[in-house]
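Trainee: Quick one: this structure, given as structure tokens, is what I'll be asking you about.
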Amino acid sequence: MSTESFTAVANRTPGHVHIVLIATGSVASVKIPLIVKELLQHKRVKIQVVATKASQVFFDSARLKAEHGVNIWQDEDEWTASLSWKKMGDAILHIELRRWADLVLIAPCSANTLAKLAGGLCDNLATSLLRALPPIQTDVEQASLIADRPGESTRVEVWVFPAMNTLMYEHPLTAMHLKVVKETLKYRVEGPIGKGLACGDVGLGAMTEWKDIVKMVVDHYRLERSH
Amino acid sequence: MSTESFTAVANRTPGHVHIVLIATGSVASVKIPLIVKELLQHKRVKIQVVATKASQVFFDSARLKAEHGVNIWQDEDEWTASLSWKKMGDAILHIELRRWADLVLIAPCSANTLAKLAGGLCDNLATSLLRALPPIQTDVEQASLIADRPGESTRVEVWVFPAMNTLMYEHPLTAMHLKVVKETLKYRVEGPIGKGLACGDVGLGAMTEWKDIVKMVVDHYRLERSH
Amino acid sequence: MSTESFTAVANRTPGHVHIVLIATGSVASVKIPLIVKELLQHKRVKIQVVATKASQVFFDSARLKAEHGVNIWQDEDEWTASLSWKKMGDAILHIELRRWADLVLIAPCSANTLAKLAGGLCDNLATSLLRALPPIQTDVEQASLIADRPGESTRVEVWVFPAMNTLMYEHPLTAMHLKVVKETLKYRVEGPIGKGLACGDVGLGAMTEWKDIVKMVVDHYRLERSH
Ligand SMILES: Cc1cc2nc3c(=O)[nH]c(=O)nc-3n(C[C@H](O)[C@H](O)[C@H](O)COP(=O)(O)O)c2cc1C
Ligand SMILES: Cc1cc2nc3c(=O)[nH]c(=O)nc-3n(C[C@H](O)[C@H](O)[C@H](O)COP(=O)(O)O)c2cc1C
Ligand SMILES: Cc1cc2nc3c(=O)[nH]c(=O)nc-3n(C[C@H](O)[C@H](O)[C@H](O)COP(=O)(O)O)c2cc1C
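Chains as they are written, first to last, in our numbering: chain A, 161 to 387; chain B, 161 to 387; chain C, 161 to 387.
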């Protein structure tokens with residue numbers, strides 16, 4: 161991705177909102193490029209995308225990187241890429257991304273990743289990063305506060321946007337997992353909404369409209385458009 | 161597998177029992193060809209086999225397909241095969257298989273797949289299909305009723321046949337997982353039975369005899385032999 | 161690894177302590193060679209190493225095998241290696257290792273493997289072996305008793321040494337998983353300890369010092385140094 165390992169200290173910019181956007185294997189990952197592009201129309205925004213293996217069929221990583229200059233991190237970057245960990249003292253990618261982030265958006269969040277979060281599993285980059293996050297209270301009063309320390313974010317919020325087939329959503333374990341994610345992990349959950357889904361079913365399960373996701377971020381951090 | 165994507169609407173036959181047979185990584189998957197062959201000796205039966213990666217060492221998929229003309233679906237068929245999802249509007253295999261099925265047999269069900277079902281994980285075709293099934297009451301009175309709508313099954317039953325080493329079966333989490341699968345997901349669980357196992361241990365853990373599995377299906381749907 | 165499949169009956173030596181050392185994807189797996197080497201300085205000790213895929217970046221398996229003659233078992237040995245299971249009657253590696261073992265050390269135990277153990281998942285050799293272990297009471301009075309039957313260990317203890325980033329350790333699910341592992345599975349959990357970690361964080365999360373792990377084994381089984 162570059163000639164140096166990614167570290168929080170080298171990549172955080174004081175006064176900016178550092179957003180990790182996690183894409184998972186829901187068809188709603190087709191919206192990832194739109195979310196990235198629209199967020200980047202605002203001042204003080206930096207983005208890193210983390211993509212699960214299953215998510216990658218839904219958007220064109222190379223093009224997204226070329227057009228917007230964002231990194232799209234994959235599991236290989238943690239383990240086998242030339243800049244991944246080789247010896248004691250080297251940067252550990254999921255830890256550096258956690259340090260870098262002020263906000264983690266899981267948009268879309270698949271049923272599978274939701275189950276992994278509720279079960280504490282961390283067998284890929286996305287879930288390892290999340291497993292290394294301390295839960296916080298999502299407190300609207302404090303929310304506009306952006307950590308200004310260059311080296312590390314002190315307060316990381318996680319917002320989850322479930323997106324799945326209606327019957328997957330109605331599966332009884334979905335509600336149980338969402339409860340753990342909200343109450344134990346203190347993540348903010350938004351959606352899903354009802355509409356026609358990619359599979360042809362109609363019902364609750366679709367990801368919150370991508371424009372609304374962007375708007376939530378913009379409102380929360382009082383971001384201004386660049387031009 | 162064919163020149164067209166699999167869809168429920170094109171592959172359901174009114175008046176037939178549509179059976180998805182899931183094979184998992186238990187040595188009892190050596191019985192898969194026998195179960196398929198015997199079920200197909202009956203009228204009004206259609207079968208799709210879904211095989212986890214670990215199950216595939218235990219039977220010869222190519223031969224099963226050649227001899228009985230059944231599809232053996234693998235994870236690649238969902239993701240990378242030429243007929244897998246490429247763009248919005250394409251069929252999604254695990255959703256189509258769920259729509260197609262009147263009955264899902266997990267025979268054998270490994271300890272690992274059982275744990276995944278109880279945890280709501282769906283990282284392969286077999287568990288994605290199951291995650292997209294609404295739980296129903298297994299009601300013997302209603303059971304002979306077969307959905308006659310060509311496009312989609314309205315009532316899908318799931319029968320689970322655990323098969324594992326005796327000590328795996330005695331592991332305290334097995335009972336907890338079976339409880340979730342029965343009470344929360346409303347699956348029917350049959351067996352395991354006691355006998356000498358492949359690993360040389362003797363005790364409870366073996367899959368219900370494959371002939372008894374076939375008989376349960378035959379009795380439940382009042383199937384008649386073809387000749 | 162050799163020209164014959166591994167079986168407990170052919171590889172147990174009466175009067176010896178048979179130790180399976182499981183390495184997982186924590187950076188503390190760099191200590192695996194030191195633990196092996198130091199344990200082997202004692203009489204009556206035999207070791208098999210089982211390494212998860214993620215652990216293998218942290219130590220040099222080939223060198224460890226060459227220098228100390230220990231087997232380093234990987235997932236491939238269960239499935240695809242020339243000596244893995246091919247037909248009914250063949251040895252099943254995770255079952256044979258369970259029969260062989262008097263003591264299983266998970267050192268280090270990653271957050272992910274801990275979550276899998278608490279969830280009963282067994283999708284690799286390490287967790288399949290553990291899933292096939294009956295829980296026992298870790299009773300210090302009985303502990304010096306070593307099974308003398310050549311064919312199979314009758315009493316297997318499991319000791320867990322968690323090792324993870326401080327914030328991973330503070331994640332609320334860690335405590336819940338440790339509780340299941342201790343109370344339901346009856347594993348002994350030691351550590352983690354506080355110190356500077358590989359990722360640069362300081363806090364609770366580091367694996368118990370490798371020398372202390374060796375000392376616990378030596379004391380428990382009253383092992384004597386060879387020379
Ligand atoms: C074409 C296609 C579309 C899918 N859409 C969804 C979806 O919207 N939501 C979901 O939870 N799973 C969906 N799945 C299933 C997931 O991709 C699957 O469970 C995968 O293992 C998720 O992996 P991840 O959670 O690591 O990204 C879809 C699968 C395919 C093949
Ligand atoms: C030769 C062999 C036989 C096995 N037999 C069983 C079994 O009978 N039951 C079981 O639960 N696991 C058994 N396993 C372990 C599973 O294959 C393993 O847990 C795997 O990850 C299951 O994957 P799946 O649930 O995705 O099919 C066996 C493994 C091997 C190598
Ligand atoms: C360089 C590096 C160091 C890691 N150190 C740890 C660690 O100390 N503890 C931990 O729980 N996970 C750690 N991880 C994350 C795990 O390797 C990851 O969750 C993996 O999926 C664990 O797989 P396993 O449990 O099958 O071994 C580390 C990852 C990398 C890339």
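Each residue gets a CB set at the ideal place from its N, CA and C atoms; glycine is no exception.
Note that this is a predicted model, so its numbers are computed, not measured.
Run through the DSSP bridge pairs and tell me what C269 (chain A) is partnered with.
Mentor: Per DSSP, A:P322.
Trainee: For A267 (chain B), verify whether its CB is less than 7 Å away from any heavy atom of ligand 2.
Mentor: Not under cutoff, so the answer is no.
Trainee: Please list, in chain order, the chain B residues whose beta carbon lies closer than 9 Å to that of G391 (chain A).
Mentor: Nothing about residue 391 (chain A) can be read from this structure; chain A reaches only from 161 to 387.
Trainee: Are at least three pairs of beta-carbons, each pair with one atom in the region 172–179 of chain A and one in the region 253–266 of chain A, less than 8 Å apart?
Mentor: The region 172–179 of chain A, when compared against the region 253–266 of chain A, does touch it at the 8 Å Cβ threshold.
Trainee: With a threshold of 8 Å between beta carbons, is L333 (chain B) in contact with chain C?
Mentor: Yes - at least one Cβ of chain C is within 8 Å of the one on L333 (chain B).
Trainee: Give me the Cα-Cα distance between K247 (chain B) and C282 (chain A), rounded to the nearest whole angstrom.
Mentor: Whole-angstrom Cα-Cα distance: 29 Å.
Trainee: If the cut-off is 7 Å on Cβ atoms, which residues from the region 204–222 of chain A count as contacting chain B, listed in chain order?
Mentor: Flagged, chain order: V217.
Trainee: Which bits of chain A does C282 (chain B) rub up against, with CB to CB less than 9 Å?
Mentor: Simply S270, A271, N272, A275, M328.
Trainee: Name, going along the chain, the residues of the region 172–199 of chain C whose beta-carbon falls closer than 8 Å to a beta-carbon of chain A.
Mentor: Listed by position, the residues of the region 172–199 of chain C near chain A (Cβ gap below 8 Å) are V187, V190.
Trainee: Name the two residues that bound the continuous beta strand (DSSP E) containing N231 (chain B).
Mentor: N231 (chain B) -> beta strand (DSSP E) spans 231–233.
Trainee: For the beta strand (DSSP E) containing A214 (chain A), list its first residue and its last residue.
Mentor: Looking at the DSSP string, A214 (chain A) is not in any beta strand (DSSP E), and its letter there is neither H nor E.
Trainee: For Q297 (chain B), does the count of other Cβ atoms within 10 angstroms reach 16, so buried, or fall short, so exposed?
Mentor: In this prediction, Q297 (chain B) has a pLDDT of 45, which is less than 50 and means its spatial position is unreliable; what the coordinates show is noted afterwards. Looking at its Cβ environment, which holds fewer than 16 other Cβ atoms inside 10 Å, Q297 (chain B) is exposed.
Trainee: Please find out if some non-hydrogen atom of ligand 1 comes closer than 7 Å to the beta-carbon of C282 (chain B).
Mentor: Flag set: Cβ of C282 (chain B) near ligand 1.
Trainee: Please indicate yes or no: does the CB of I232 (chain C) lie closer than 7 Å to some heavy atom of ligand 3?
Mentor: No, the Cβ of I232 (chain C) stays beyond 7 Å of every heavy atom of ligand 3.
Trainee: Would you identify the three-state DSSP class for H178 (chain B), choosing helix, strand or coil?
Mentor: DSSP places H178 (chain B) in strand when its eight states are reduced to three.
Trainee: Using beta carbons (cut-off 8 Å, strictly below), is I255 (chain A) in contact with chain C?
Mentor: Interface residue, yes.
Trainee: Starting from M376 (chain B), trace the alpha helix (DSSP H) both ways and give me its first and last residue.
Mentor: Run containing M376 (chain B): 370–381, per the alpha helix (DSSP H) assignment.
Trainee: Put H107 (chain B) into one of helix, strand or coil per three-state DSSP.
Mentor: In the structure displayed, chain B extends from 161 to 387; residue 107 (chain B) sits before or after that span and is not available.
Trainee: So if I threshold CB-CB distances at 9 Å, which residues from the region 225–237 of chain C count as touching chain A?
Mentor: Result list empty, no residue passes.
Trainee: Give me the DSSP bridge partner(s) of H202 (chain B).
Mentor: Note: H202 (chain B) sits in a beta bridge opposite B:R385.
Trainee: Interface residues of chain B around R291 (chain C) at Cβ under 7 Å?
Mentor: The contacting residues are A271, M328, H331.
Trainee: Under 7 Å from any heavy atom of ligand 2, does the C-beta of W239 (chain C) make it?
Mentor: Yes, since a heavy atom of ligand 2 falls inside the 7 Å radius drawn around the Cβ of W239 (chain C).
Trainee: Helix, strand or coil for A222 (chain B), going by three-state DSSP, please let me know.
Mentor: Correct three-state label for A222 (chain B): helix.
Trainee: With a CB to CB cut of under 6 Å and the five nearest residues on each side skipped, what residues in its chain are close to A188 (chain B)?
Mentor: P268, A323, M367.
Trainee: Anything in chain B within Cβ reach of G279 (chain A), meaning under 9 Å, just list it in chain order.
Mentor: Result: G279, G280, L281.
Trainee: Roughly how many angstroms separate the alpha carbons of S386 (chain C) and R348 (chain B), rounded to a whole number?
Mentor: Roughly 57 Å between the two C-alpha positions.
Trainee: Starting from W260 (chain B) and walking both ways along the alpha helix (DSSP H), at which residues does that stretch end?
Mentor: Counting along the chain, the alpha helix (DSSP H) containing W260 (chain B) begins and ends at 253–260.
Trainee: CA-CA distance, V316 (chain B) and N272 (chain B)?
Mentor: The straight-line gap from Cα to Cα measures roughly 23 Å.
Trainee: For H337 (chain B), return the contacting residues in chain C, with the cut-off set at a CB-CB distance below 7 Å.
Mentor: Within chain C, the residues near H337 (chain B) are G280.
Trainee: Assuming S215 (chain C) and G185 (chain C) make a contact with CB atoms under 8 Å, what is their CB distance in whole Å?
Mentor: Their Cβ separation, rounded to whole angstroms, is 5 Å, which keeps S215 (chain C) and G185 (chain C) in contact under 8 Å.
Trainee: Ignore the nearest five residues each way along the sequence and tell me which others in E312 (chain C)'s own chain have a CB closer than 7 Å to its CB.
Mentor: Counting only Cβ-Cβ distances below 7 Å, and skipping sequence neighbours, we find A168, R259.
Trainee: Using CA coordinates, which residue listed in C:F219, C:I255, C:A286, C:A275 is at the minimum distance from K342 (chain C)?
Mentor: Out of C:F219, C:I255, C:A286, C:A275, C:A275 has the C-alpha closest to the C-alpha of K342 (chain C).
Trainee: Output yes if chain C places a C-beta closer than 8 Å to the C-beta of L305 (chain A); else output no.
Mentor: Reliability of the predicted coordinates at L305 (chain A) is poor, the pLDDT of 40 falling under 50, and no value is obtained from them.
Trainee: I need the straight-line Cα distance from E256 (chain B) to F166 (chain B), nearest angstrom please.
Mentor: For E256 (chain B) and F166 (chain B), the distance between alpha carbons rounds to 7 Å.
Trainee: What is the rounded straight-line gap between the Cα of D237 (chain C) and the Cα of S244 (chain C)?
Mentor: Looking at the two C-alpha atoms, the distance is approximately 6 Å.
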